[in-house]
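Worksheet: the structure to be examined is printed underneath.
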Amino acid sequence: MIPVLLTSIKTRDGVTLDGIYMPPKRKSKTALIWVHGLTSSFYSSQKLISELSSRCQKLGIGYFKFNSRGHDIVARGPKGLLGTVFEKFEDCIFDIRAMINEAWRIGYKNIILAGHSTGANKIVYYMWKTRDSRMKSILLLGSANDIVAEIKRAGRKEFNKTMRLAKKLAARKDASLLFSSRGYLYSAKRCLSLYTPGTAEDTFPYYREYTDWRAFKSMRVPLAVIIGSRDECLDRPAKKLIEIFEKNAPNAKSFSGIVIKGANHSFRGKEKELSREIIKFIKRAVV
61 MIPVLLTSIK
71 TRDGVTLDGI
81 YMPPKRKSKT
91 ALIWVHGLTS
101 SFYSSQKLIS
111 ELSSRCQKLG
121 IGYFKFNSRG
131 HDIVARGPKG
141 LLGTVFEKFE
151 DCIFDIRAMI
161 NEAWRIGYKN
171 IILAGHSTGA
181 NKIVYYMWKT
191 RDSRMKSILL
201 LGSANDIVAE
211 IKRAGRKEFN
221 KTMRLAKKLA
231 ARKDASLLFS
241 SRGYLYSAKR
251 CLSLYTPGTA
261 EDTFPYYREY
271 TDWRAFKSMR
281 VPLAVIIGSR
291 DECLDRPAKK
301 LIEIFEKNAP
311 NAKSFSGIVI
321 KGANHSFRGK
331 EKELSREIIK
341 FIKRAVV
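Here the sequence shown is numbered in my numbering, starting from 61 and rising by one per residue.
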């Protein structure tokens, strides 16, 4: 059992985000901030939290993990409902900036962002829009494309049906109404944000041959992409996907493509291997 500090931060637009902070006994200037994915929360994946944070502590690295406004399926916000089905993707800028500000306030000047799944999309979007110079390196984990993942999960026919319904509800100005598709709950607005080509959320468009990858190509710090070899969201071998990411990262100071053998999208059961690779990257990039 690892002792943690429960904490909370407030974003510039007034959303409170709960989280945890693991301060090392001998603090360095480096902090790792974990940005979770869809329907997740700051307390999800506890085995990974324990494994990764303990390794961070040995190196003097502060470990932070906060809720985003998209935590869980539905969450209460100061001005209405949030959570995965109601969050506006572009507002991730408020969340990530507040997380970084908190680490900076405590005294960490070398900030590393690690985003899992949609958390990876959010990090890329944040860096593209803010050019935050406090970032020293970035890790993108399970960075699969949502459109590809959903078609693989639900099938093309069901996917098209879901998109038609979302567009119909949005056209009627019922974009906040909830509906389900093969066990997933959506609002029309969030569904269209997730699965429409070219939206702000579509940061890894490898399913389309001729795209410019604008947001991703703007990354200039040391960058790592980590994917499980058995990630159920992929439509091609992990190694091939890594090659596509590397091709579209010409401006990154360095690029590390890592495949975790036998790992699924959540890296469940491979937490030690994942944590080991994360720390190896941090040592090369920052420490």
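Even glycine gets a Cβ: it sits at the ideal position worked out from N, Cα and C. Computed from a predicted model, the values in this text were never measured in an experiment.
request  = Have a look at Ser197, Val208, Cys293, Ser247 and flag the residue whose alpha-carbon is nearest the alpha-carbon of Arg268.
outcome  = Taking the first residue of the sequence shown as 1, we reach residue 268 at position 208. Of the listed residues, the one whose Cα sits closest to Arg268 is Val208.
inquiry  = I'd like to check one pair, Tyr186 with Ala260: are the Cβ atoms closer than 7 Å?
reply    = As a position in the sequence shown, residue 260 is number 200, starting the count at 1. As a position in the sequence shown, residue 186 is number 126, starting the count at 1. No.
query = Per DSSP, Asn170 is paired with what?
reply = By 1-based counting over the sequence shown, the position of residue 170 is 110. In the DSSP output, where bridge partners are listed per residue, Asn170 has Thr90.
message = Are the CB atoms of Ala298 and Ile287 within a distance shorter than 7 Å?
response = Position 227 of the sequence shown, counted from the first residue, corresponds to residue 287. Position 238 of the sequence shown, counted from the first residue, corresponds to residue 298. In contact: Ile287 and Ala298 (Cβ atoms closer than 7 Å).
key: Tyr123 vs Ser110 beta-carbon contact at 7 Å   = Position 63 of the sequence shown, counted from the first residue, corresponds to residue 123. Position 50 of the sequence shown, counted from the first residue, corresponds to residue 110. Not closer than 7 Å, so no.
query = Where DSSP assigns a beta bridge to Ala135, which residues make up the other side?
reply = The sequence position of residue 135 within the sequence shown is 75, counting from 1. Paired residues: Leu142.
query = Do the CB positions of Ile183 and Ile198 come within less than 7 Å of each other?
reply = Looking up residue 183 in the sequence shown gives position 123. Looking up residue 198 in the sequence shown gives position 138. Yes; because the gap between Cβ atoms is below 7 Å, this pair is in contact.
message = Measuring CB atoms only, is the region 61-74 touching the region 89-100, in the sense that at least three cross pairs come out at less than 8 Å?
response = no
ask   = Helix, strand or coil: which one does DSSP assign to Val319?
value = Translated into the one-based positions of the sequence shown, residue 319 becomes position 259. Strand at Val319.
key: Enclosing alpha helix (DSSP H) for Tyr267 [first to last residue]   = Start at 1 with the first residue of the sequence shown, and residue 267 comes out as number 207. Taken as a continuous stretch (DSSP letters only), Tyr267 belongs to no alpha helix (DSSP H), as it is neither H nor E.
query = Where does Phe327 fall in DSSP's three states?
reply = Here residue 327 corresponds to residue number 267 of the sequence shown, with the count starting at 1. It is coil, neither helix nor strand.
query = Roughly how many angstroms lie between the CA atoms of Ala180 and Lys169, to the nearest whole one?
reply = Stepping through the sequence shown from its first residue, residue 180 is reached at position 120. Stepping through the sequence shown from its first residue, residue 169 is reached at position 109. Straight-line Cα distance between these residues: approximately 21 Å.
task = Check Ala231 in the structure and name its three-state DSSP category.
result = To locate residue 231, count along the sequence shown from 1; it is residue 171. Of the three classes helix, strand and coil, the one that applies to Ala231 here is helix, per DSSP.
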